[in-house]
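First up is the structure itself, then whatever we jot down about it.
Residue numbers (our numbering): 267 to 865.
Okay, here's the thing in structure tokens:
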């Protein structure tokens with residue numbers, strides 16, 4: 267067995283570089299963070315050959331004194347902390363004091379800096395673990411770091427690098443993260459001598475649009491929520507946005523880009539009943555938290571954090587996003603009309619005005635939960651008891667503007683193909699997917715009813731027989747109380763049969779056998795305890811989907827108007843619970859344009 271002996275310093279630094287310096291983008295990240303921590307408000311980045319030939323970062327910070335230049339390349343030397351208590355409340359991006367030493371050990375490294383109190387700049391070089399003495403250099407202010415020929419002395423690492431374009435793409439992503447996190451700092455980046463991006467001193471909203479483009483931000487909702495020692499702001503995509511992607515997920519905590527499972531889960535849960543299944547969620551979120559409540563010393567790359575009260579953080583983020591998604595100031599789902607083949611329908615501004623009116627309707631209305639004048643009694647139930655809110659559409663032009671705005675979704679004109687409702691409002695034509703809209707109404711009512719433990723039941727004069735297999739029968743008997751909570755009462759009618767004696771009052775008996783097997787399937791998949799906790803919305807979604815009015819169901823004008831009124835009273839009514847849009851607007855001006863009126 268070989269004897270134990272200490273490793274040379276250069277080898278220690280090269281081993282550390284394996285953790286910190288994965289590729290050129292890792293180098294760029296460390297250099298940008300140093301510039302930000304120095305207090306610079308201008309940072310210029312030059313990349314050559316994807317960063318494999320050279321990475322150069324120039325800033326206008328206060329500079330490094332001559333007598334500290336060599337110390338900057340020593341392992342575990344830093345100006346950012348000096349005691350354990352500092353680590354517990356760290357606010358700087360860097361603090362380990364190992365990045366520059368690691369980078370210098372695997373590259374040809376030049377550090378030039380002019381301290382604000384010194385007459386001229388000084389420069390040191392490092393190669394193969396040897397650091398030069400400082401020598402004078404021509405530099406007006408700030409610091410310049412040049413990293414050339416990365417991994418020139420560790421070919422095993424170099425062979426894992428990709429093409430120039432791939433490596434530059436990773437560098438560009440680091441640039442975007444820094445530009446988004448620090449909107450008050452001006453950034454530029456060039457590649458092979460050609461300018462690529464520039465970010466001037468702007469507001470957060472403007473910087474996001476400038477960095478990521480307007481396609482995402484125009485289809486997103488601005489979120490801003492604050493609590494004691496904790497706040498969140500940024501953009502989350504609207505549920506109907508079709509281009510959600512994992513590469514458009516940016517989370518910043520105290521100005522630091524991180525990836526965190528707790529917050530990712532909270533975001534996913536907040537979107538769970540408004541986003542089409544399987545779609546990625548795009549977001550750019552900035553969280554500010556008391557530094558003492560978050561540990562950033564988890565990984566050398568500093569992209570992971572650990573919260574001291576992770577459950578509280580989860581709940582805060584979840585409720586902030588869920589509240590915003592459920593607010594009446596929603597952004598329109600983008601849609602196209604079948605005969606508008608060459609362009610998207612521009613509806614954002616009209617939708618915003620319409621949502622202002624929906625807000626008034628919601629303020630004046632009441633919760634639709636189990637009221638006698640709701641879509642249940644109008645569409646699924648037989649018999650009366652409903653006082654219609656409809657009016658003759660022929661009177662529409664005689665209605666004053668204020669009255670029209672009391673009914674922002676307007677009044678029904680007709681049914682199309684047994685699937686869509688055509689309605690007229692003060693903006694023009696509204697097209698509604700009646701099943702999707704009714705599904706959302708029923709779903710929201712079910713959630714409220716379950717919270718209040720008031721899902722109403724209807725006793726059946728003739729029990730409904732449902733055939734199940736032995737596994738399903740076992741699930742039914744193990745979860746009798748849960749099924750009762752959901753509105754079902756039953757008894758055995760055979761070894762593989764149950765007789766339903768009561769069902770939720772909004773269900774049509776003919777749909778019950780299929781629904782029961784769907785509910786049992788959900789219980790088998792999620793487990794009984796999780797159904798009423800984490801996964802209760804999935805089972806309520808199943809109930810709502812089976813309860814909603816089906817395609818080809820002929821509705822009277824009165825029934826269609828009843829549905830419109832319930833939509834106006836229901837949160838999130840612009841998407842069904844699978845995230846699909848329930849309606850969109852075509853303005854009169856768009857129709858006039860299509861028919862070339864006035865031209």
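Where a beta carbon is used, it is the ideal one built from N, C-alpha and C, also for glycine.
**Message:** On the CB-based measure, 16 or more other CB atoms within 10 Å of its CB, does residue 501 come out buried or exposed?
**Reply:** Locating residue 501 in the chain shown gives position 235, counting from the first residue. Answer is buried; the Cβ neighbour count reaches 16.
**Prompt:** For residue 384, which of helix, strand or coil comes out of DSSP?
**Reply:** Here residue 384 refers to the residue found at position 118 when the chain shown is read from its first residue. Secondary structure at residue 384: coil, using DSSP grouped into helix, strand and coil.
**Item:** Alpha-carbon to alpha-carbon, residue 340 and residue 594
**Value:** Indexing the chain shown from 1 puts residue 594 at position 328. Indexing the chain shown from 1 puts residue 340 at position 74. Because the pLDDT of residue 594 is 41, which lies under 50, any placement of that residue in the model is unreliable, and the question is left without a value.
**Prompt:** Based on the DSSP secondary-structure assignment, which residues constitute the bridge partners of residue 677?
**Reply:** Looking up residue 677 in the chain shown gives position 411. Residue 677 is bridged to 690.
**Request:** Compare the Cα-Cα distances from residue 548 to each of 700, 746 and 537 and report the closest residue.
**Result:** Translated into the one-based positions of the chain shown, residue 548 becomes position 282. Cα-wise, what sits closest to residue 548 is 537.
**Message:** For residue 728, count the other beta carbons within 10 Å of its own beta carbon; 16 or more makes it buried, fewer makes it exposed. Which is it?
**Reply:** The sequence position of residue 728 within the chain shown is 462, counting from 1. Counting Cβ neighbours within 10 Å, residue 728 comes out exposed, since fewer than 16 surround it.
**Prompt:** Do the segment 810-821 and the segment 846-853 make contact, defined as three or more Cβ pairs closer than 8 Å?
**Reply:** Taking 8 Å as the limit for Cβ pairs, the verdict is that the segment 846-853 does not touch the segment 810-821.
**Prompt:** Shortest alpha-carbon distance to residue 373 belongs to which of 440, 760, 300 and 290?
**Reply:** Mapped onto the chain shown, residue 373 falls at position 107. Closest by alpha carbon: 290.
**Asked** Using the C-alpha atoms, what's the distance from residue 420 back to residue 838?
**Response** In the chain shown, the residue the question calls residue 838 occupies position 572. In the chain shown, the residue the question calls residue 420 occupies position 154. Their backbone Cα atoms lie some 56 Å apart in a straight line.
**Request:** Could you say which of 711, 320 and 324 lies nearest to residue 417 if we only look at CA atoms?
**Result:** Here residue 417 is taken as the residue at index 151 of the chain shown, counted from 1. Measuring from the Cα of residue 417, the nearest candidate turns out to be 320.
**Message:** So the candidates are 806, 482, 495 and 498; which of them puts its Cα closest to the Cα of residue 504?
**Reply:** Here residue 504 is taken as the residue at index 238 of the chain shown, counted from 1. Of all alpha-carbon atoms in 806, 482, 495 and 498, the one lying nearest the alpha-carbon of residue 504 is that of 482.
**Prompt:** By DSSP, does residue 722 sit in helix, in strand, or in coil?
**Reply:** Counting from one through the chain shown, the residue named residue 722 turns up at place 456. Here residue 722 sits in coil by DSSP.
**Asked** Can at least three beta-carbon pairs, one atom from the segment 309-328 and one from the segment 451-465, be found at a separation below 8 Å?
**Response** The segment 309-328 and the segment 451-465 touch, with no fewer than 3 CB-CB distances between them shorter than 8 Å.
**Request:** Quick one: residues in its chain with C-beta nearer than 6 Å to the C-beta of residue 410, no 5 flanking neighbours on either side, listed in chain order?
**Result:** Numbered from 1 along the chain shown, position 144 holds the residue referred to as residue 410. 324 and 378.
**Prompt:** Quick one, which of 364, 304 and 539 has its alpha-carbon nearest residue 706's?
**Reply:** Here residue 706 refers to the residue found at position 440 when the chain shown is read from its first residue. In terms of CA proximity to residue 706, 539 leads the group 364, 304 and 539.
**Asked** If residue 551 and residue 498 are in contact, beta carbons under 8 Å, what's the gap, nearest whole angstrom?
**Response** Looking up residue 551 in the chain shown gives position 285. Looking up residue 498 in the chain shown gives position 232. Contact flag correct, Cβ pair sits at about 6 Å.
**Message:** Does residue 365 pass the burial test, meaning 16 or more other C-beta atoms within 10 Å, or should it be called exposed?
**Reply:** If you number the chain shown from 1, residue 365 lands on position 99. Its Cβ being crowded by 16 or more others within 10 Å, residue 365 is buried.
**Item:** Inter-residue Cα distance where the pair is residue 775 and residue 766
**Value:** In the chain shown, the residue the question calls residue 775 occupies position 509. In the chain shown, the residue the question calls residue 766 occupies position 500. Rounded to the nearest angstrom, the two C-alpha atoms are 10 Å apart.
**Asked** Would you call the segment 679-696 and the segment 815-826 touching, i.e. three or more CB-CB distances under 8 Å?
**Response** Enough Cβ pairs lie closer than 8 Å, so yes.
**Request:** Would you list the residues sitting across from residue 522 in a DSSP beta bridge?
**Result:** Start at 1 with the first residue of the chain shown, and residue 522 comes out as number 256. DSSP, once it has assigned bridges, lists 519 as partnering residue 522.
**Asked** If you compare alpha carbons, which of 715, 525 and 311 is closest to residue 437?
**Response** The residue labelled residue 437 in the question sits at position 171 within the chain shown. A check of alpha carbon separations from residue 437 across 715, 525 and 311 identifies 311 as the nearest.
**Message:** Taking 8 Å as the cut-off, does the segment 288-307 touch the segment 327-339 (at least 3 CB pairs, one atom from each stretch)?
**Reply:** Here the segment 327-339 lies against the segment 288-307, with 3 or more beta-carbon pairs under 8 Å apart.
**Prompt:** Looking only at DSSP bridge pairs, what is residue 411 linked to?
**Reply:** For the purposes of this step, residue 411 is taken as the residue at position 145 of the chain shown. Residue 411 pairs with 323 and 377.
**Request:** Taking the CB atoms as reference points, tell me whether residue 689 and residue 702 lie closer together than 9 Å.
**Result:** As a first step, residue 689 must be located in the chain shown, where it is residue number 423. As a first step, residue 702 must be located in the chain shown, where it is residue number 436. The answer is no: Cβ separation not under 9 Å.
**Item:** Beta-bridge partners of residue 397, as assigned by DSSP
**Value:** By 1-based counting over the chain shown, the position of residue 397 is 131. Answer is 392, bridged to residue 397.
**Prompt:** Once you ignore the five residues that flank residue 786 on each side, which residues in its own chain have a CB closer than 6 Å to its CB?
**Reply:** As a working note, residue 786 is residue 520 in the chain shown. Within the same chain, residue 786 has close Cβ partners 738 and 741.
**Prompt:** Helix, strand or coil for residue 287 per DSSP?
**Reply:** Mapped onto the chain shown, residue 287 falls at position 21. Residue state, collapsed to three classes: coil.
**Prompt:** Helix, strand or coil: how does DSSP classify residue 575 here?
**Reply:** Mapped onto the chain shown, residue 575 falls at position 309. Coil.
**Item:** Pairwise C-alpha distance: residue 557 and residue 244
**Value:** This structure cannot settle anything about residue 244, because the visible part of the chain is limited to 267 through 865.
**Message:** Per DSSP, what are the beta-bridge partners of residue 550 in this structure?
**Reply:** Against the chain shown, residue 550 aligns to sequence position 284. BP columns for residue 550 point to 501 and 516.
**Request:** Apply the 10 Å Cβ neighbour rule to residue 713 and answer buried if 16 or more other Cβ atoms are within range, or exposed otherwise.
**Result:** The residue given as residue 713 occupies position 447 in the chain shown. By the Cβ-count criterion, residue 713 is buried, with 16 or more other Cβ atoms from all chains shown falling within 10 Å of its own Cβ.
**Prompt:** Where residue 636 and residue 711 are concerned, what is the direct C-alpha to C-alpha distance, given to the nearest angstrom?
**Reply:** For the purposes of this step, residue 636 is identified with residue 370 of the chain shown, where counting begins at 1. For the purposes of this step, residue 711 is identified with residue 445 of the chain shown, where counting begins at 1. Per-residue confidence for residue 636 stands at a pLDDT of 36, beneath the threshold of 50, marking its modelled position as unreliable; no derived number is given.
**Prompt:** residue 843: which of 336, 506 and 314 sits nearest, CA to CA?
**Reply:** Position 577 of the chain shown, counting from 1, holds the residue named residue 843. Nearest in C-alpha terms to residue 843, of all of 336, 506 and 314, is 506.
**Prompt:** Tell me which same chain residues have a C-beta within less than 8 Å of the C-beta of residue 752, skipping the five on either side of it?
**Reply:** On the chain shown, position 486 is the one that residue 752 refers to. Answer for residue 752: 716, 721, 770, 785, 805 and 809, listed in chain order.
**Request:** Return the Cβ separation of residue 576 and residue 524 in integer angstroms, given the expectation that the two are a contact with Cβ distance under 8 Å.
**Result:** Against the chain shown, residue 576 aligns to sequence position 310. Against the chain shown, residue 524 aligns to sequence position 258. So it is not a contact: roughly 13 Å between Cβ atoms.
**Message:** Let's see if you can read the secondary structure: which residues bound the alpha helix (DSSP H) around residue 421?
**Reply:** Position 155 of the chain shown, counted from the start, is the residue given in the question as residue 421. Residue 421: member of the alpha helix (DSSP H) spanning 421-424, first to last residue.
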